[in-house]
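Notes to accompany the following structure.
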Amino acid sequence: MEPSEHTATGRRLRVVVAKPGLDGHDRGAKVVARALRDAGMEVIYTGLHQTPEQIVRTALAEDADAVGLSVLSGAHLTLFARVLELLAAEDAGDVVVFGGGIIPPADRAALLELGVGEVFTPGATMADIVAWVRGHVGLDRGL
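All residue numbers in the sequence shown are consecutive under the numbering used here, ending with 145.
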């Protein structure tokens, strides 16, 4: 494994991958979860139909370094914003939130302004996602 897959304490990066809302299509989330796992990260996949509250509870319980959200339902602005809000309320604003799905360019810009680290849309490769996580997760936590 590459050194960037570990925190400064030697712990592997921990990523929660979640499907918030009523969207029932999770193939992409599972593919991303597997790619991150195969890259040496610890991945916790929450399953379908998670509320932002459930996702944040999981992130806190698992001491996650990042949360990856997959949204295809069109509710991305609301769901991403709520996850960020709940993390901040738990003093866990240092957990990196990234995601993907069917997200229009204008909404992608709005998500980035909210504090989402990155938004991957169809066509992003697993190599791109893994490289981004390796390069951006843990940096704000001093890991």
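Every residue, glycine too, gets a C-beta built ideally from N, C-alpha and C. In this text the structure is predicted, and so the values were computed from the model without any measurement.
With 16 other Cβ atoms within 10 Å as the buried cut-off, status of residue i
i: Ala20; result: buried
i: His127; result: Sequence inspection shows Thr at residue 127; the His mentioned does not correspond to that position. Burial call: exposed.
i: Leu137; result: What sits at residue 137 in the sequence shown is Gly, not Leu. With fewer than 16 Cβ atoms within 10 Å of its Cβ, Gly137 is classed as exposed.
i: Gly41; result: Note that residue 41 corresponds to Ala in the displayed sequence, not to Gly. Counting Cβ neighbours within 10 Å, Ala41 comes out buried, since at least 16 surround it.
i: Asp28; result: buried
i: Ala111; result: exposed
i: Thr123; result: exposed
Reduced DSSP category for residue i - H, G, I as helix; E, B as strand; rest coil
i: Ala37; result: helix
i: Glu92; result: coil
i: Ile46; result: strand
i: Gly125; result: coil
i: Leu71; result: strand
For residue j and residue i, the rounded distance between their alpha carbons
i: Leu86; j: Ala66; result: 14 Å
i: Arg14; j: Ala37; result: 15 Å
i: Phe2; j: Leu71; result: Because the chain here runs from 3 to 145, residue 2 falls outside it and cannot be looked at.
i: Leu113; j: Arg84; result: 11 Å
Integer-rounded CB distance, given that residue j should sit under 8 Å from residue i
i: Val69; j: Val132; result: With a Cβ gap of about 16 Å, Val69 and Val132 do not count as contacting.
i: Gly102; j: Gly30; result: 7 Å
i: Leu24; j: Ser75; result: 6 Å
i: Pro22; j: Leu81; result: 4 Å
DSSP beta-bridge partners of residue i
i: Phe82; result: None; Phe82 has no bridge partner.
i: Leu62; result: BP columns for Leu62 are empty, so no partner.
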